[in-house]
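Chains as they are written, first to last, in the numbering used here: chain A, 54 to 203; chain B, 285 to 738. Please read the structure below before turning to the comments.
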Amino acid sequence: MALSEQRIREITRKVIDELGPRATPDNVRQLVKEAVSRLEAEGAEKLRVPGLETSHLGGDGDQLIITIFGRNKPGVLAAVSRCVADFQGNVVDVSQKLLMDWFSMILVVDGRSLSAPFAELQKALRVIGEEQGMQIHAQHERVFTAMHRI
Amino acid sequence: MHWSQEEILQTLQMTEHEHFDIRTVTMGISLRDCASDSIEGFKRRVYDKITRFAGGHVAAAEKVEEQYGIRIANKRISVTPVAIPGDAFSAEQFVEIAQVLDRAAEECGVDYIGGFSALVAKGMTPGDQALILSIPEALASTKHVCSSIDIGSTRAGINMDAVRLMGEVILETARRTAEDRCLGCAKLVVFCNAVEDNPFIAGAFHGVTEGNVTLNVGVSGPGVVLQAVKEAGPQATFGEVSTAIKRMAFKITRAGEMMGRQVAESQGVPFGVVDISLAPTPAPGDSVGEILECLGLERVGAHGTTAALALLNDSVKKGGLMASAYVGGMSGAFIPVSEDEKMIQAVAEGHLSIEKLESMTCVCSVGLDMIAVPGDTPATTLSGILADEAALGMVNNKTTALRVIPAIGMKVGDTLDYGGLLGAAPVMPLRTLDSSIFVRRGGRIPAPTGGVRN
Numbered sequence: 054m055a056l057s058e059q060r061i062r063e064i065t066r067k068v069i070d071e072l073g074p075r076a077t078p079d080n081v082r083q084l085v086k087e088a089v090s091r092l093e094a095e096g097a098e099k100l101r102v103p104g105l106e107t108s109h110l111g112g113d114g115d116q117l118i119i120t121i122f123g124r125n126k127p128g129v130l131a132a133v134s135r136c137v138a139d140f141q142g143n144v145v146d147v148s149q150k151l152l153m154d155w156f157s158m159i160l161v162v163d164g165r166s167l168s169a170p171f172a173e174l175q176k177a178l179r180v181i182g183e184e185q186g187m188q189i190h191a192q193h194e195r196v197f198t199a200m201h202r203i
Numbered sequence: 285m286h287w288s289q290e291e292i293l294q295t296l297q298m299t300e301h302e303h304f305d306i307r308t309v310t311m312g313i314s315l316r317d318c319a320s321d322s323i324e325g326f327k328r329r330v331y332d333k334i335t336r337f338a339g340g341h342v343a344a345a346e347k348v349e350e351q352y353g354i355r356i357a358n359k360r361i362s363v364t365p366v367a368i369p370g371d372a373f374s375a376e377q378f379v380e381i382a383q384v385l386d387r388a389a390e391e392c393g394v395d396y397i398g399g400f401s402a403l404v405a406k407g408m409t410p411g412d413q414a415l416i417l418s419i420p421e422a423l424a425s426t427k428h429v430c431s432s433i434d435i436g437s438t439r440a441g442i443n444m445d446a447v448r449l450m451g452e453v454i455l456e457t458a459r460r461t462a463e464d465r466c467l468g469c470a471k472l473v474v475f476c477n478a479v480e481d482n483p484f485i486a487g488a489f490h491g492v493t494e495g496n497v498t499l500n501v502g503v504s505g506p507g508v509v510l511q512a513v514k515e516a517g518p519q520a521t522f523g524e525v526s527t528a529i530k531r532m533a534f535k536i537t538r539a540g541e542m543m544g545r546q547v548a549e550s551q552g553v554p555f556g557v558v559d560i561s562l563a564p565t566p567a568p569g570d571s572v573g574e575i576l577e578c579l580g581l582e583r584v585g586a587h588g589t590t591a592a593l594a595l596l597n598d599s600v601k602k603g604g605l606m607a608s609a610y611v612g613g614m615s616g617a618f619i620p621v622s623e624d625e626k627m628i629q630a631v632a633e634g635h636l637s638i639e640k641l642e643s644m645t646c647v648c649s650v651g652l653d654m655i656a657v658p659g660d661t662p663a664t665t666l667s668g669i670l671a672d673e674a675a676l677g678m679v680n681n682k683t684t685a686l687r688v689i690p691a692i693g694m695k696v697g698d699t700l701d702y703g704g705l706l707g708a709a710p711v712m713p714l715r716t717l718d719s720s721i722f723v724r725r726g727g728r729i730p731a732p733t734g735g736v737r738n
């Protein structure tokens, strides 16, 4: 957590006192910066919201939900699952529905083994969506748990 | 699969078609430790503190937005009512402070910063008065700054000196920004019983009882609630409709809290509250008025409108309260005229008068909001409207507010068109009777018996 102005001023005074005649604007700035970022990191650690507070909001699961909609055409499922595999994602559940020539599919992917940040996978899926003329959404599971589970 | 296909599709339906979004994540920053006896020192501390804490706010929110696929429409900042740390300064100096807030907002990439405020329910310090007098120039010379003044409370009564002053300030603000559609008045709210953790602009400020920094989230979703009411059908009883609204409010509050906590945690800032408020936008299908009509009223303004709004407001609150331990802010339904397609229509067709709106504010979460009135309205009449609205809040122990725009050079029948989020406000007729002797009496309306509860 970021420190108050008051606290930073105190730290600065302390640094100047300790350095005595060796104090220059540059070394004071450097030392204060280090001290502030160390204290802020410690504060952030302490402030981390405990499990109890967030468990009702979806807990720590790490599954990704990919939903695909559009006019059915060959190769959509292949393109999406290839993309997931390229990112080392493991598909743990699939369901799909076909109504006339409209197609909807939901993939659940275990996100723990992903080789790149989730945002990268989202970006790649968006590109596939545009290429295939489909709507593809990829969301973290927490949003569904938060909304649909008490 | 943990979730049924219907549940997953419902969430997507809400975000993709029914305008469900997190309306705002607002970082509240205390400026109390920025107080200084020199104006330059104060301005520097304010700018440094805001940019240091909120510099990464927009990026953090965008990251969470992407991860969960739910839009966070606005990223904003609120600060301690500036009159408190700046109590020693003059009106001219407060204008400079507003400009510094504007620059800090620009630097952080947020569209609005709230907290150019004073809390004067019982009395005004010289600093409070200076800030109030600086408002027209401050709002005319800045783009991102929003101002709010608390002029009454159930505990203190109504500060009628401040009410008189605010009538003049509203009118002057309209005049000073007349060339820009009197836009200054859209950034100025006057409250009774203001809340300290409201994340919604223009009335957001970081209350004096808050900590150093906090992050509050405002969740909206008139579209999803409308859908829930539609699905309940015209034959549903009031109990069934209320349950349908509560269920939906529960879901969106949960999603909002989850995302708000993520934004807060990623910046190392404590999470404050979720404000679950149905805040309409002019987009089709994002209207509170449409929910009221869907409940069975031909138009907003029909007899029964107040009851329908009471049902809606209460159900939203209950669903939200069940979903989160930390519900705060306004939490309910907003009825800004210019920002709601169906409210605009009702006013334009003559179904909605200022008196009906006043009665609606007794049961909704805020007050008379984004209402355009003729530009030649006397300041004392504006003060009269404000006193009436404050009285409703004071006696009923609720927040009420006034955001009124005297449309300079316009008369009843004209429309003040902002476009975008602020929408379009048809100029509404007011009583032309004189309230000036009442308004100028001076002093304070005593607190009601309801305010003496110890």
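We treat Cβ as the ideally placed atom computed from N, Cα and C, and that holds for glycine.
Given that a residue counts as buried once 16 or more other Cβ atoms are within 10 Å of its Cβ, and exposed if not, what is residue i?
i             : result
residue 299/B : buried
residue 260/B : The question about residue 260/B has no answer, for chain B in this structure spans 285 to 738.
residue 643/B : exposed
residue 107/A : With a pLDDT of only 45 at residue 107/A, under the threshold of 50, the placement of this residue in the model should not be trusted, and no figure is reported.
residue 641/B : buried
residue 514/B : exposed
residue 559/B : buried
residue 604/B : buried
residue 302/B : buried
residue 738/B : exposed
residue 98/A  : Because the pLDDT at residue 98/A is just 42, under 50, the model does not fix this residue reliably, and the point stays unresolved.
residue 183/A : exposed
residue 682/B : buried
residue 578/B : buried
Under 9 Å between the Cβ atoms of residue i and residue j?
i             : j             : result
residue 444/B : residue 723/B : yes
residue 503/B : residue 472/B : no
residue 161/A : residue 147/A : yes
residue 171/A : residue 199/A : no
residue 674/B : residue 436/B : yes
residue 671/B : residue 648/B : no
residue 465/B : residue 701/B : yes
residue 608/B : residue 347/B : no
residue 497/B : residue 337/B : yes
residue 741/B : residue 569/B : The question about residue 741/B has no answer, for chain B in this structure spans 285 to 738.
residue 698/B : residue 713/B : no
residue 446/B : residue 416/B : yes
residue 397/B : residue 432/B : no
residue 727/B : residue 438/B : no
Just list the residues that DSSP pairs residue i with in beta bridges.
i             : result
residue 657/B : 690/B
residue 287/B : According to DSSP, residue 287/B bridges with nothing at all.
residue 620/B : 653/B
residue 360/B : 310/B
residue 486/B : For residue 486/B, which the question treats as bridged, DSSP gives no partner whatsoever.
residue 703/B : 707/B
residue 119/A : 160/A, 191/A
residue 476/B : 436/B, 684/B
residue 500/B : 310/B
residue 402/B : 433/B
residue 148/A : 159/A
residue 397/B : 361/B, 429/B
residue 761/B : It is not possible to answer for residue 761/B, since the shown part of chain B is limited to 285 through 738.
residue 561/B : 616/B
residue 124/A : 155/A
Sorted by chain position, which residues of the same chain lie with C-beta nearer than 8 Å to residue i's C-beta, five sequence neighbours on each side aside?
i             : result
residue 326/B : 318, 319, 320, 369, 370, 373, 381
residue 155/A : 122, 123, 124, 125
residue 185/A : 123, 126, 128, 129, 132
residue 101/A : With a pLDDT of only 37 at residue 101/A, under 50, the local geometry of the prediction cannot be trusted, and the value read off the model is given with reservation. Nothing listed; no residue qualifies.
Going along the chain, which residues of its own chain have a beta-carbon closer than 7 Å to the beta-carbon of residue i, five neighbours each way excluded?
i             : result
residue 342/B : 359, 392, 393, 394
residue 602/B : 530
residue 136/A : 177, 178, 181
residue 490/B : 312, 313, 314, 362, 363, 364, 399
Write down the C-beta distance between residue i and residue j rounded to the nearest angstrom, noting that I regard them as a contact closer than 8 Å.
i             : j             : result
residue 556/B : residue 312/B : 7 Å
residue 706/B : residue 690/B : Actually they do not touch by this definition, with Cβ atoms about 16 Å apart.
residue 384/B : residue 330/B : 6 Å
residue 451/B : residue 663/B : 4 Å
residue 309/B : residue 547/B : 5 Å
Taking 8 Å as the cut-off, does the CB of residue i come closer than this to any heavy atom belonging to the ligand ZN?
i             : result
residue 329/B : The ligand ZN is not part of this structure, which contains no ligands at all.
Please work out which residues of its chain come closer than 6 Å, Cβ to Cβ, to residue i, disregarding the five sequence neighbours upstream and downstream, and give them in chain order.
i             : result
residue 505/B : 304, 536
residue 563/B : 307, 504, 618
residue 104/A : Interpretation of residue 104/A is limited by its pLDDT of 33, a score under 50 that renders its predicted location unreliable; the figure taken from the coordinates is listed afterwards. There are no such residues.
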